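For any residue, its number in the numbering used here is found by taking its place in the sequence shown, counting from 1, and adding 137. Note that the Cβ used here is the ideal one computed from N, Cα and C, for glycine as well. Just so it is clear, the structure is predicted and the values come from calculations on it, not from any experiment.
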Amino acid sequence: MAGSVAPHAVVLGLLLLAGLAAAQRATTPAAAAPAPDPGCNGIQLTYNFVDRTKIRPFVSDKNKQPYAFRANVTVLNSGTRPLKSWAALVTFGYGEILVGVDGAVLTGGGDLPYNTTEDAGNATSFSGYPHTDLLTPIATAGDLSQIQASVGIVGTLFAGPGPFVPLPTALSLDDPAYACPAATNVTARVLSTCCVLTPEAEANATAIDANTTDPTKDFLPRGTGDLVITYDVLQAYPSSYLALVTLENNAKLGRLDNWRLSWEWRRGEFIYSMKGAHPSEVDTSGCICGAPGQYYQSLDFSQEWDNLAQVHGRGTVEICVPDASFQDATRPEPD
Numbered sequence: 138m139a140g141s142v143a144p145h146a147v148v149l150g151l152l153l154l155a156g157l158a159a160a161q162r163a164t165t166p167a168a169a170a171p172a173p174d175p176g177c178n179g180i181q182l183t184y185n186f187v188d189r190t191k192i193r194p195f196v197s198d199k200n201k202q203p204y205a206f207r208a209n210v211t212v213l214n215s216g217t218r219p220l221k222s223w224a225a226l227v228t229f230g231y232g233e234i235l236v237g238v239d240g241a242v243l244t245g246g247g248d249l250p251y252n253t254t255e256d257a258g259n260a261t262s263f264s265g266y267p268h269t270d271l272l273t274p275i276a277t278a279g280d281l282s283q284i285q286a287s288v289g290i291v292g293t294l295f296a297g298p299g300p301f302v303p304l305p306t307a308l309s310l311d312d313p314a315y316a317c318p319a320a321t322n323v324t325a326r327v328l329s330t331c332c333v334l335t336p337e338a339e340a341n342a343t344a345i346d347a348n349t350t351d352p353t354k355d356f357l358p359r360g361t362g363d364l365v366i367t368y369d370v371l372q373a374y375p376s377s378y379l380a381l382v383t384l385e386n387n388a389k390l391g392r393l394d395n396w397r398l399s400w401e402w403r404r405g406e407f408i409y410s411m412k413g414a415h416p417s418e419v420d421t422s423g424c425i426c427g428a429p430g431q432y433y434q435s436l437d438f439s440q441e442w443d444n445l446a447q448v449h450g451r452g453t454v455e456i457c458v459p460d461a462s463f464q465d466a467t468r469p470e471p472d
């Protein structure tokens with residue numbers, strides 16, 4: 138055997154049935170985006186601080202007083218290259234706790250409420266959802282619905298009283314193909330920067346072709362690393378889809394023992410069949426009154442206990458079982 142260790146792959150096959158729209162979490166409406174910078178021919182990032190309201194508890198140290206705040210982040214593609222799977226980086230500086238996010242998800246998969254101080258002074262990353270790709274103005278005749286995305290943020294911060302405006306300390310795009318200068322104040326409440334392609338990315342950019350107007354024909358390359366997790370939708374139907382989740386350990390000296398996977402469900406999914414792993418939690422509370430009961434209104438649950446499962450929240454799986462005697466069959470570890 139050569140000096141290298143062959144990579145190990147673990148494959149999970151999941152058949153997931155999409156739940157009803159009512160099962161999805163409520164969203165936070167985004168505020169209106171400010172006017173775009175006429176001089177930006179790249180990706181314009183804008184942070185707009187909408188307002189804040191003093192909340193309890195009232196403290197003597199004015200610089201530590203909690204406030205409820207609203208803000209929105211706008212990502213506008215003003216360039217000639219589509220922006221795939223965009224992610225914006227916001228460096229908060231006032232102990233912000235994010236309570237509601239609309240138009241994006243936390244890239245790191247954190248739960249809400251999310252304490253941004255957990256980023257240890259680094260930027261908090263937002264990944265676009267459901268508007269993940271931004272096409273170009275040329276390919277869309279400047280249609281803002283296809284070239285711009287807005288992220289509504291509601292949360293709590295700790296700062297002094299007005300007229301001081303607690304803006305982030307930095308704003309940038311999480312994409313190595315773009316360089317973002319330090320953000321500057323457009324107004325007292327608006328922070329903005331214009332990210333442009335790096336010289337290397339500009340040299341590798343291809344001419345505009347038909348693929349740039351059709352996001353289904355132009356995809357980013359698969360990621361590489363010591364541990365690669367891939368989520369592939371193999372088949373899709375109006376109310377269900379078949380997904381294949383793959384874990385591939387490419388580390389020559391690293392092991393992954395007792396692995397556990399979690400991801401954030403965004404469409405009220407519940408699992409009908411799973412192979413290659415077991416859910417980590419067993420519960421009956423959400424079966425009849427939750428999304429499965431709404432979807433299978435005429436189903437005799439007494440005949441289908443072993444098949445039906447519900448997923449809610451962030452990667453939490455509930456298997457519908459008639460009583461606790463069946464819980465031994467469901468374990469958190471992989472097959």
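Does DSSP put N341 in a helix, in a strand, or in coil? The residue labelled residue 341 in the question sits at position 204 within the sequence shown. Reduced to three states, the DSSP call for N341 is helix.
Look up G362 in the DSSP assignment and give the residues it is bridged to. Here the question's residue 362 lines up with position 225 in the sequence shown. DSSP, once it has assigned bridges, lists no residue as partnering G362.
Buried or exposed: where does S309 fall if 16 or more other Cβ atoms within 10 Å of its Cβ makes it buried? By 1-based counting over the sequence shown, the position of residue 309 is 172. Counting Cβ neighbours within 10 Å, S309 comes out buried, since at least 16 surround it.
Would V486 and S264 qualify as a contact pair, given that the criterion is a beta-carbon distance under 9 Å? There is simply no residue 486 to check, as the chain begins at 138 and stops at 472 in what is shown.
Here's the rule: buried if 16 or more other CB atoms are within 10 angstroms of the residue's CB, otherwise exposed. What is E339? On the sequence shown, residue 339 is found 202 positions in, with the first residue counted as 1. Exposed: under 16 other Cβ atoms inside 10 Å.
Identify the continuous alpha helix (DSSP H) that holds T277 and give its terminal residues. On the sequence shown, residue 277 is found 140 positions in, with the first residue counted as 1. Its alpha helix (DSSP H) spans residues P274 to T277.
If we ignore side chains and look at the alpha-carbon of each, how far apart do G289 and R207 end up? Looking up residue 289 in the sequence shown gives position 152. Looking up residue 207 in the sequence shown gives position 70. Rounded to the nearest angstrom, the two C-alpha atoms are 8 Å apart.
What would DSSP say about D248, mapped onto helix, strand or coil? In the sequence shown, residue 248 corresponds to position 111, counting from 1. Note: D248 maps to coil in three-state DSSP.
Roughly how many whole angstroms lie between the Cα atoms of V291 and N252? Along the sequence shown, read from residue 1 onward, the residue named residue 291 stands at position 154. Along the sequence shown, read from residue 1 onward, the residue named residue 252 stands at position 115. Each residue's alpha carbon lies about 12 Å from the other.
In whole angstroms, what separates the C-alpha of A260 from that of E233? By one-based count along the sequence shown, residue 260 stands at place 123. By one-based count along the sequence shown, residue 233 stands at place 96. If you take the alpha carbons of A260 and E233, they lie about 12 Å apart.
Is G450 buried or exposed, if buried means 16 or more other CB atoms sit within 10 Å of its CB? The sequence position of residue 450 within the sequence shown is 313, counting from 1. Since pLDDT at G450 reaches only 40, below the 50 mark, its modelled position is unreliable, and the value read off the structure follows with that caveat. G450 should be labelled exposed.
Determine the burial state of Q283: buried for a count of at least 16 other Cβ atoms within 10 Å of its Cβ, exposed for fewer. One-based indexing of the sequence shown puts residue 283 at position 146. By the neighbour-count rule (16 or more Cβ atoms within 10 Å), Q283 is buried.
Which same chain residues end up closer than 7 Å to Y266 when comparing Cβ atoms and leaving out the 5 residues on each side of it in sequence? The sequence position of residue 266 within the sequence shown is 129, counting from 1. So the qualifying residues of the chain are A241, V242 and R403.
Whole beta strand (DSSP E) runs in the segment 260-328 with 3 or more residues, listed along the chain? 261-265, 285-296, 307-310 and 321-324
Beta strand (DSSP E) segment containing E385, residue limits: The residue given as residue 385 occupies position 248 in the sequence shown. It spans S377 to N386 - the beta strand (DSSP E) in which E385 sits, taken as one unbroken run.
Residues in the same chain with beta-carbon distance under 6 Å from V210, minus the five sequence neighbours each way, listed in chain order, please. Along the sequence shown, one-based indexing puts residue 210 at 73. Here the set comprises Y184, A225 and V288.
What number of angstroms, rounded off, separates the C-alpha of L381 from the C-alpha of C317? Numbered from 1 along the sequence shown, position 244 holds the residue referred to as residue 381. Numbered from 1 along the sequence shown, position 180 holds the residue referred to as residue 317. Approximately 36 Å between the Cα atoms of the pair.
What would DSSP say about K201, mapped onto helix, strand or coil? Numbered from its first residue, the sequence shown carries residue 201 at position 64. DSSP places K201 in helix when its eight states are reduced to three.
Determine whether the beta carbon atoms of L384 and L371 lie at a separation below 9 Å. As a working mapping, residue 384 is identified with position 247 in the sequence shown. As a working mapping, residue 371 is identified with position 234 in the sequence shown. Not in contact: L384 and L371 (Cβ atoms no closer than 9 Å).
Just grab the DSSP bridge partners of Q372 for me. The sequence position of residue 372 within the sequence shown is 235, counting from 1. Note: Q372 sits in a beta bridge opposite L379.
Whose CA, out of L334, R359, N178 and D363, lies closest to the CA of D369? By 1-based counting over the sequence shown, the position of residue 369 is 232. When each option's Cα is compared against that of D369, the closest is R359.
Can you grab the Cα-Cα spacing for the pair P271 / G413, in whole Å? As a position in the sequence shown, residue 271 is number 134, starting the count at 1. As a position in the sequence shown, residue 413 is number 276, starting the count at 1. A small correction: the amino acid at residue 271 is Leu; Pro does not occupy that position in the sequence shown. Their Cα atoms are separated by approximately 35 Å.
Is S399 buried or exposed, if buried means 16 or more other CB atoms sit within 10 Å of its CB? Here residue 399 refers to the residue found at position 262 when the sequence shown is read from its first residue. Exposed, by the Cβ-count rule.
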